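Structure record follows, encoded as structure tokens.
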Amino acid sequence: MTPPTPAARIADLRRQLEDANYRYHVLDEPSIPDAEYDRLLRALDELEAAHPDLVTADSPTQRVGNAPAGKFAEVRHAIPMLSLGNAFSDEEVQDFVRRIADKLKRPSLRFSAEPKLDGLAISLRYENGAFVQGATRGDGATGEDVTLNLRTIKAIPLTLRGTGWPAVLEVRGEVYMPRADFEKYNEHARKHGGKVLANPRNGAAGSLRQLDPRITAQRPLAFFAYGTGLVEGGELPDSHSATLKQLRGWGFPVSSLSEVVDGVDGLLAYYRRIGDARDGLAFDIDGVVYKLDDGDGQREMGFVSRAPRWAIAHKFPAQEQMTVLESIEVNVGRTGAVTPWALMQPVHVGGVTVTRATLHNADQVARLDVRNGDTVIVRRAGDVIPEVVGVVPERRPAGTVPWQMPTQCPVCGSEIVREEGEAVWRCSGELTCPAQRKESIIHFASRRAMDIEGLGERFVEDLSDLDIVQHVADLYRLTVDDLLEMKRRVDERDGTTPETVKAGKVATKWAENLIEAIDRSRQTTLERFLFGLGIQHVGESTAKALAVWFGDLQLIRRLPWPLFKRVPDIGGEVARSLGHFLDQPGNQQAIDDLLARGVVIGDTHPPSGKLRAGLDLATLLVDLEIPKVTRVRAEQLASAFPSVQALLDAPVHNFVTAGLPSDSANAFAAWLEDEANAQLLSRSGAALETLLEVTPEDVATATGPLDGKTVVLTGGLAAMSRDEAGEKLEALGAKVAGSVSKKTHLVVAGEAAGSKLAKAQELGIEIWDEAQLLAFLEKHGSGA
DNA sequence: GATCCTCGAGTTCA
DNA sequence: CTCGAGGATC
Numbered sequence: 000m001t002p003p004t005p006a007a008r009i010a011d012l013r014r015q016l017e018d019a020n021y022r023y024h025v026l027d028e029p030s031i032p033d034a035e036y037d038r039l040l041r042a043l044d045e046l047e048a049a050h051p052d053l054v055t056a057d058s059p060t061q062r063v064g065n066a067p068a069g070k071f072a073e074v075r076h077a078i079p080m081l082s083l084g085n086a087f088s089d090e091e092v093q094d095f096v097r098r099i100a101d102k103l104k105r106p107s108l109r110f111s112a113e114p115k116l117d118g119l120a121i122s123l124r125y126e127n128g129a130f131v132q133g134a135t136r137g138d139g140a141t142g143e144d145v146t147l148n149l150r151t152i153k154a155i156p157l158t159l160r161g162t163g164w165p166a167v168l169e170v171r172g173e174v175y176m177p178r179a180d181f182e183k184y185n186e187h188a189r190k191h192g193g194k195v196l197a198n199p200r201n202g203a204a205g206s207l208r209q210l211d212p213r214i215t216a217q218r219p220l221a222f223f224a225y226g227t228g229l230v231e232g233g234e235l236p237d238s239h240s241a242t243l244k245q246l247r248g249w250g251f252p253v254s255s256l257s258e259v260v261d262g263v264d265g266l267l268a269y270y271r272r273i274g275d276a277r278d279g280l281a282f283d284i285d286g287v288v289y290k291l292d293d294g295d296g297q298r299e300m301g302f303v304s305r306a307p308r309w310a311i312a313h314k315f316p317a318q319e320q321m322t323v324l325e326s327i328e329v330n331v332g333r334t335g336a337v338t339p340w341a342l343m344q345p346v347h348v349g350g351v352t353v354t355r356a357t358l359h360n361a362d363q364v365a366r367l368d369v370r371n372g373d374t375v376i377v378r379r380a381g382d383v384i385p386e387v388v389g390v391v392p393e394r395r396p397a398g399t400v401p402w403q404m405p406t407q408c409p410v411c412g413s414e415i416v417r418e419e420g421e422a423v424w425r426c427s428g429e430l431t432c433p434a435q436r437k438e439s440i441i442h443f444a445s446r447r448a449m450d451i452e453g454l455g456e457r458f459v460e461d462l463s464d465l466d467i468v469q470h471v472a473d474l475y476r477l478t479v480d481d482l483l484e485m486k487r488r489v490d491e492r493d494g495t496t497p498e499t500v501k502a503g504k505v506a507t508k509w510a511e512n513l514i515e516a517i518d519r520s521r522q523t524t525l526e527r528f529l530f531g532l533g534i535q536h537v538g539e540s541t542a543k544a545l546a547v548w549f550g551d552l553q554l555i556r557r558l559p560w561p562l563f564k565r566v567p568d569i570g571g572e573v574a575r576s577l578g579h580f581l582d583q584p585g586n587q588q589a590i591d592d593l594l595a596r597g598v599v600i601g602d603t604h605p606p607s608g609k610l611r612a613g614l615d616l617a618t619l620l621v622d623l624e625i626p627k628v629t630r631v632r633a634e635q636l637a638s639a640f641p642s643v644q645a646l647l648d649a650p651v652h653n654f655v656t657a658g659l660p661s662d663s664a665n666a667f668a669a670w671l672e673d674e675a676n677a678q679l680l681s682r683s684g685a686a687l688e689t690l691l692e693v694t695p696e697d698v699a700t701a702t703g704p705l706d707g708k709t710v711v712l713t714g715g716l717a718a719m720s721r722d723e724a725g726e727k728l729e730a731l732g733a734k735v736a737g738s739v740s741k742k743t744h745l746v747v748a749g750e751a752a753g754s755k756l757a758k759a760q761e762l763g764i765e766i767w768d769e770a771q772l773l774a775f776l777e778k779h780g781s782g783a
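The first sequence begins at 0 in numbering that gives the first Met the number 0 and counts up by one.
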């Protein structure tokens, strides 16, 4: 066999590469690994470099992009790129179908339906099977010549496959950026300080309009064909669905979601089907498109101005909108966290009118570089909470400056500070700041804390603003008269007509109800009480752990912080925060006040026997986080000294004789020098003794059918709330977690379960539906 | 020190 | 729901 000529080898490599592209982008069946593709491409590149005369424009090597063009040339579309009429409701779709049925006098109509991608419409021109020019839609009549950029998109064939194509063929379709690639691209950009794309659509549009095709080549763009323009020297099938099939045969990617459906019912069913699948698709869509399938019908229907009468876009409610940001304001939370949020001109997104959206923190504002007056993109996707995803830089008014975090709290004027290495800025006013006081009372009254029904944000705001309630304990002093007085002063302040007068007599029922609710809340549990105090880092689950492990408020109140680390999932940070809270006399006073005003903790019990495992001197020394005192050193000290007192009394050299190296011994001695540390050690030693006395030896481990199992609840349940289901599962020994991970044993998926269910399926975790859950609960004696 | 998981905190609208 | 960060684990 004679060795192949360079020309033959080049042709072979090109064929292999284009074949791989076709399989990957059109058939969606990758045939060779990426590395192999790269290897072939490099081989071709080398051959072409050695034989420059053999380089052609349609070679796959030319996809990497050439040097920048000055600007885009204009391209006049031989056949205008039309726009589509829109339908936003089922009625509009019915009208559309009726119009066609009336005009064509046909009883039944067949449509081709396809998803409407949220990308950029383009037109591709092929002459004798070779890609020669590509253009953006522009105004429909004239677009921009982006041929070089389009060449870099591997999903666009440079030469047509198969046979029978017209001498001149224009193909229309959508360039888009797949979601996963968009995420990956942004993640990379964030890490390397590059420019973050606002959304896949902007990403696609921006990428195509790069003057330097080498930049476009690096963007993960894809393409779907959905129609044709000019056709000369050949024929296309006479129905839309057959045309799509033909395009696919010639090497164009066509959405696999395209379907032929009959009548209005078929269209609307398709709409719902795609709508349900929307969040799980690999790309963003903003609706679906219906086209009368047969060519005769299309020709007879014709056009209105610049849109065909035989096609319509049925839109989904928009998940993203543009609007103008009027100003960036800040909010002060319970912990003093100062969070910026955007006040925007009202805009309709995802079915509701949005005027405000969180900006999370100062870093986020800087990352997006949003400024007052900017036009911004707001998203309200599957989640409910609106979010500013990006700025439209072209619309930025002149003279704006980057936003800056205020230096003083807008509510109390205290300095706003940021801990080293932290993202959040905080108002340093603590409980002198009315905003923080107010928020902490709202937290205290909330459902998951003390659960004072009817005491919401509004009342707390009034009570706090009028100085009727300053601390949580003040709530338990309130009388009906206080509340009526508050109402009177609020009416006076706002100039509103008092409802009390309108009714002709004094309306007091609401006040009585509220006082009653406050009274009911007096009877509570340790976990709710601890959570309600609003201690930093002590949320629901930490509060619960503390309640379970220590069981007694009075015990917890006097423990020094290192002992809290004996509870699983409580580490240095959380323990210190709790200790710091308890060290403040004001907080202890507040607890006393609450108890004095009748708050009763109903579930007091001795500490868990499991505590004993870590109650020894060595562990205590480790927990104290003394510099250079590791586990090993702590063990040495503990075996050499019988008690904390002995340690406190010992001279430095005794630490050395105990076996400590001199640097450890010195560090420990230096630590003890500090009076506060010595006292902490002494207090901790005493607390340790007390705990050993009150903690039962026996570790009573209740056994349930779900012992040691981690369960995640997702979606809505019909028979009970998720919280109730969680309690029942916990009663059977399960640990109820909030998110699915490898450690999850079981996921209970209710109605409309979302990402968690998907993740569970991905990880192959056992999944139950509500019926299975109910059957299980029934079987184990805790049915609904 | 890196990595995985979980918790805490803040958040919108009707 | 999402982000950031604390805790556990290797």
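Glycine residues also receive a C-beta, built at the ideal position from the N, C-alpha and C atoms. Note that this is a predicted model, so its numbers are computed, not measured.
Stretch-stretch touch, CB-based, cutoff 8 Å, three pairs: the segment 677-684 with the segment 700-720: Put simply, the segment 677-684 does not touch the segment 700-720. Fewer than three CB pairs are less than 8 Å apart.
Cα-Cα separation between Ile827 and Ser738, rounded to whole angstroms: The displayed coordinates of the chain run from 0 to 783. Any statement about residue 827 would go beyond what the structure contains.
Contact set for Lys543: own chain, Cβ-Cβ below 6 Å, skip 5 residues either direction: Glu526
Neighbourhood of His442 by C-beta distance below 8 Å, restricted to the same chain and skipping five residues each side: Arg333, Ala448, Gly531, Gly533
Cut-off 8 Å between Cβ atoms - residues of its own chain near Ser82, not counting five sequence neighbours on either side: Gly139, Arg305, Ala306
Residue burial classification, Val131 (beta-carbon count within 10 angstroms, cutoff 16): Burial is judged here by how many other beta carbons sit within 10 angstroms of a residue's own beta carbon; Val131 has fewer than 16 and is exposed.
CB of Ile440 within 8 Å of CB of Val337, strictly: no
DSSP three-state assignment for Val5, whether helix, strand or coil: Sequence inspection shows Pro at residue 5; the Val mentioned does not correspond to that position. Looking at Pro5 - three-state DSSP - the assignment turns out to be helix.
Sequence ranges, alpha helix (DSSP H) only - wholly within the segment 532-604, length at least 4: 539-549, 552-556, 560-563, 571-582, 584-595
Alpha-carbon spacing of Gly228 relative to Arg308, whole angstroms: The straight-line gap from Cα to Cα measures roughly 17 Å.
6 Å Cβ shell around Trp767 - same chain, five flanking residues per side excluded: Excluding positions up to five away in sequence, the list reads Val747.
Close Cβ partners of Phe181 (< 7 Å) along its chain, the five nearest in sequence each way excluded: If we look at Phe181 and ignore the five residues flanking it on each side, its Cβ neighbours are Leu196, Pro199, Gly202.
Start and end residues, alpha helix (DSSP H) containing His652: Per DSSP, the unbroken alpha helix (DSSP H) holding His652 starts and ends at 651-656.
Contact belief for Val74 with Gly142 at Cβ below 8 Å, rounded distance in angstroms: 5 Å
Where Ser111 falls: helix, strand or coil (DSSP): Ser111 falls in the strand class under three-state DSSP.
Residue nearest to Leu465 in terms of C-alpha spacing, selected from Tyr475, Ile451, Leu483: Leu483
Sequence-distant residues of its chain with Cβ nearer than 8 Å to Thr784 (five each side left out): Since the first residue of the chain shown is 0 and the last is 783, residue 784 is not available in this structure.
Contacts around Gln522, its chain only, beta-carbon distance under 7 Å, and the 5 residues preceding and following it disregarded: Excluding positions up to five away in sequence, the list reads Val599, Gly601.
C-beta contact flag for Ala120 and Ala281 at 8 Å: no
Among Gly233, Ile327, Arg378, the one whose alpha carbon lies nearest that of Val400: Ile327
Reduced DSSP category for Ala341 - H, G, I as helix; E, B as strand; rest coil: Residue state, collapsed to three classes: strand.
For Thr146, the first and last residue of its enclosing alpha helix (DSSP H): 146-150
Ser463 vs Cys432 beta-carbon contact at 8 Å: no
Touch test, the segment 541-559 against the segment 658-675, Cβ-Cβ under 8 Å, three pairs minimum: no
Span separating the alpha-carbon of Ala224 from that of Ala204: 17 Å
Under 8 Å between C-beta atoms of Leu731 and Ala724: One thing to note: Leu731 has its Cβ no nearer than 8 Å to the Cβ of Ala724.
For His347, three-class secondary structure by DSSP: strand
Under 8 Å between C-beta atoms of Ser540 and Ile451: no
Alpha-carbon to alpha-carbon, Asp18 and Ala72: 31 Å
Spatially closest choice to Ala77 from Pro212, Pro392, Ser255, Val170, by CA coordinates: Val170
Reference Ala166, options Gly585, Ala112, Gly233, Ser111, closest by Cα: Per the C-alpha coordinates, the member of Gly585, Ala112, Gly233, Ser111 positioned closest to Ala166 is Gly233.
Touching by the beta-carbon criterion (3+ pairs, under 8 Å), the segment 214-224 and the segment 150-164: yes
Segments of 3+ residues assigned as beta strand (DSSP E) that fall wholly inside the segment 205-234: 221-231
Continuous beta strand (DSSP E) assignments of at least 3 residues falling wholly in the segment 713-774: Listed in chain order, the complete beta strand (DSSP E) runs (minimum 3 residues) inside the segment 713-774 are 734-736, 745-748, 765-767.
Inter-stretch contact (C-beta, 8 Å, three-pair minimum) for the segment 583-594 and the segment 648-656: no
Whole-number beta carbon distance between Ala637 and Leu616, since they are thought to touch under 8 Å: Between Ala637 and Leu616 the Cβ distance is about 4 Å, and since that is below 8 Å, they are a contact.
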